[in-house]
Amino acid sequence: MYKSEKLANSLKLLIQSGTWKPHEKLPSLRSQCKNSGFSLITVMNAYHELEAQGLIYSKEKSGYFVADRKTFSTTHSFDTNQKIEINSIVFHYLKSIQGDHIIPLGSAFPNSQLLYSPKLIQILAQLAKRHFSYEQTPSLPPGNIELRKLIAQRYCMQGIQADHDDIVITSGGLDALNLALQAVTQIGDYIILQQTVFYGAWQAAERLGLKVITIPDHPEDGIDLQALEHAIEKYPIKACWFMLNCHNPIGYTVKDKIKEKLAKILYQHNIYLIEDDVYGELYFENKKPLSMKYFDENNLVLHCSSFSKILGADFRIGWVYAGPYSEKIQHIQLMSTLSVNSFIQNALVEYLSHRDYDKHLKKIRASLEKNKIDFYHFLQRILDQNCKVHYFPSGYFLWIELPKELDSIDIYQSLLSKNISIAPSHLFNAHDTKAKNYLRINCSFDLTASYQEALLELSKCINHAIQLYRASK
Ligand SMILES: Cc1ncc(COP(=O)(O)O)c(C=O)c1O
-10 MYKSEKLANS LKLLIQSGTW KPHEKLPSLR SQCKNSGFSL ITVMNAYHEL EAQGLIYSKE
50 KSGYFVADRK TFSTTHSFDT NQKIEINSIV FHYLKSIQGD HIIPLGSAFP NSQLLYSPKL
110 IQILAQLAKR HFSYEQTPSL PPGNIELRKL IAQRYCMQGI QADHDDIVIT SGGLDALNLA
170 LQAVTQIGDY IILQQTVFYG AWQAAERLGL KVITIPDHPE DGIDLQALEH AIEKYPIKAC
230 WFMLNCHNPI GYTVKDKIKE KLAKILYQHN IYLIEDDVYG ELYFENKKPL SMKYFDENNL
290 VLHCSSFSKI LGADFRIGWV YAGPYSEKIQ HIQLMSTLSV NSFIQNALVE YLSHRDYDKH
350 LKKIRASLEK NKIDFYHFLQ RILDQNCKVH YFPSGYFLWI ELPKELDSID IYQSLLSKNI
410 SIAPSHLFNA HDTKAKNYLR INCSFDLTAS YQEALLELSK CINHAIQLYR ASK
């Protein structure tokens, strides 16, 4: 632990124990140096840390004061996380929702019935007969050259110049994201995450020993650029990990003009962006949303995506468009996941060259949209009026906001005893206790009688929690 973290922790105890009261003046930087024996820089860093956590505030020419937590709710305060321990929560969650007896409203996998492609199965069968799986060389990093060329062509279709040599094939999207983050950071570096984010980002930060700053979700823009700039001013940020298209779990897609501004901010401060675009094909509007790579003129964006959400978990092949970082990523790959399934890569080469692939994408988008709308209308009818269902025209998740006083972990636990899973917000806000009243529903399924029953159970459970809360008041 750094000296400044130690000092910040001991000062935090004084605040939390009430020894220092709201609005009480803290010792000046100089007298704190004298008292603690630490250097001015260490004391300043400790004070900045406490300020970022919303525990103290500064007044020009007057010094630092203990915050009344209410005062800070209207200003930008950042959640910093020195010690991340999300992996065990995620591990228990994933274990608890497995099994055919569970109605998988909490699952992150789309309905496999929708992803099934007879053409792809036919290609696999033909390849198996041709013994393609015994050709090993193309599976070594950076991966099958034909597949990389096909992926590069798809970038070009969106107006993004891509060279297949800058693309590395990976074992799924999460592998791509992890490799990309590792390539541009070192232990102890600061990174920025969206406040509500896929838990894989927290796990990656935990594994790589990174410090995480989170910026609040913006109600209209998705991402709060003002808060981002504020965070960049305060911390030496090395990289951001953002999901801007078909966001998991909330569902929004950030507008192009915001993406353009974001690219400028990243350029000004020389900050890398690890872009999670794993759901980028699951849009319902006319045009595929642009990736940040489109706005990136300075090779700061490492764009990561995967086939697992459009072809299924058995086709868990991903890629990172890494630009100049392609070679570094291959080096890391050689020390970790090494090769990517060559049989599936070969099958994807044939499938992506076939016009059935685009037809398949069109079909799953239409089915997902229909199912999502059905779930949305059903939930609107049955949920308590104090709940809000957030609908965005992409992906297969609905994000449900419960009354503030409820905790989605309670709903998760009581539904699990009825063999129904949901995803509580705790999975996506690693340490933010303020946002515990949200949950994510997977609505990629047909709204059959059993799904209707499961949603009715969810509604009952929420009503029960509301009644219990009212009775306790
Ligand atoms: C937002 C997000 N990013 C990345 C991944 C990982 O993708 P893959 O399954 O291809 O590794 C997932 C998987 O659920 C996800 O939800």
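Its first residue numbered -10, the sequence shown is counted upward by one per residue in the numbering used here.
Positions of the beta carbon are idealized from the N, C-alpha and C atoms, including for glycine.
Nothing here was measured: the structure is a model prediction, and the numbers come from that model.
C-alpha gap between residue i and residue j, whole angstroms
| i | j | result |
| --- | --- | --- |
| Y105 | V267 | 18 Å |
| K298 | P99 | 7 Å |
| D306 | I239 | Checking the sequence, you will find Ile at residue 306 rather than Asp. So the alpha carbons of these two residues sit roughly 24 Å apart. |
| S62 | K393 | Note that S62 scores 30 on pLDDT, short of 50, meaning its location in the model is unreliable; the coordinates nonetheless yield the value given after this. Near 15 Å, if we compare the C-alpha coordinates of K393 and S62. |
| Y506 | F231 | Nothing can be reported for residue 506, as the shown portion of the chain is limited to -10 through 462. |
| E358 | L170 | 32 Å |
| H453 | L372 | 12 Å |
| E135 | L83 | 35 Å |
| Q142 | Y46 | 51 Å |
| S128 | V173 | 24 Å |
| I398 | N418 | 12 Å |
| K248 | P131 | 28 Å |
| E270 | K277 | 7 Å |
| I463 | C229 | The shown model of the chain, from -10 to 462, leaves out residue 463, and the question about it has no answer. |
| L182 | V201 | 7 Å |
| T326 | R119 | 26 Å |
| K48 | K14 | 10 Å |
| F54 | W191 | 31 Å |
| Q441 | K361 | 13 Å |
| H349 | I451 | 37 Å |
| S77 | L447 | 26 Å |
| I263 | C293 | 7 Å |
| A443 | S410 | 9 Å |
| L251 | G43 | 25 Å |
| T242 | L3 | 42 Å |
| P208 | Q215 | 13 Å |
| K138 | Y310 | 12 Å |
| F80 | G211 | 28 Å |
Other residues of its chain near residue i: CB distance less than 8 Å, five sequence neighbours each side excluded
| i | result |
| --- | --- |
| Y365 | V378, Y380, L387, C432 |
| I400 | L391, I411, P413, L428, L447, C450, I451, A454 |
| D389 | Reading the sequence as shown, one finds Ile at residue 389 and not Asp. Closer than 8 Å at the Cβ level, and outside the excluded window around I389, lie L368, L372, C376, K377, V378, H379, Y427, L428, R429, I430. |
Residues sharing a beta bridge with residue i, DSSP
| i | result |
| --- | --- |
| T31 | Bridge partners of T31: none, in fact. |
| A412 | R429 |
| D206 | I212 |
| Y463 | There is no way to answer for residue 463, as the model of the chain reaches only from -10 to 462. |
| W230 | L182, I263 |
| S294 | W308 |
| T159 | G307 |
| K377 | E390 |
| Y272 | S383 |
| I92 | I409 |
| K14 | F54 |
Residue i Cβ short of 8 Å to ligand 1 heavy atom set
| i | result |
| --- | --- |
| V267 | yes |
| F332 | no |
| R196 | no |
| M232 | yes |
| A97 | yes |
| K298 | yes |
| N237 | yes |
| G211 | no |
| S295 | yes |
| R429 | no |
| Q80 | Per the sequence shown, residue 80 should be read as Phe rather than Gln. Checking the Cβ of F80 against ligand 1 gives no. |
| A419 | no |
| A193 | no |
| F381 | no |
| G161 | yes |
| A56 | no |
| G189 | yes |
| A412 | no |
| A302 | yes |
| D399 | no |
| A83 | In the sequence under discussion, the amino acid at residue 83 is Leu, which differs from the Ala named in the question. Result no, Cβ not under 8 Å from ligand 1. |
| D206 | no |
| D164 | yes |
Cut-off 6 Å between Cβ atoms - residues of its own chain near residue i, not counting five sequence neighbours on either side
| i | result |
| --- | --- |
| A193 | N167, L170 |
| Y458 | E394 |
| T31 | K(-8), S(-7) |
| T64 | Low confidence applies here, because T64 scores a pLDDT of 39, under 50, leaving its location unreliable; read the following figure in that light. For T64, where only same-chain residues beyond five positions count, there are no Cβ hits under 6 Å. |
Own chain residues within Cβ distance below 7 Å of residue i, not counting five before or after
| i | result |
| --- | --- |
| Y346 | Y340 |
| L279 | Q147, D245, K248 |
Cβ of residue i within 9 Å of any chain D Cβ
| i | result |
| --- | --- |
| Q115 | The question asks about chain D, but that chain is absent: this structure has only one protein chain. |
Closer than 8 Å: residue i CB and nearest ligand 3 heavy atom
| i | result |
| --- | --- |
| G307 | Annotation note on ligand 3: not contained in the displayed structure, which lists ligand 1 as its ligands. |
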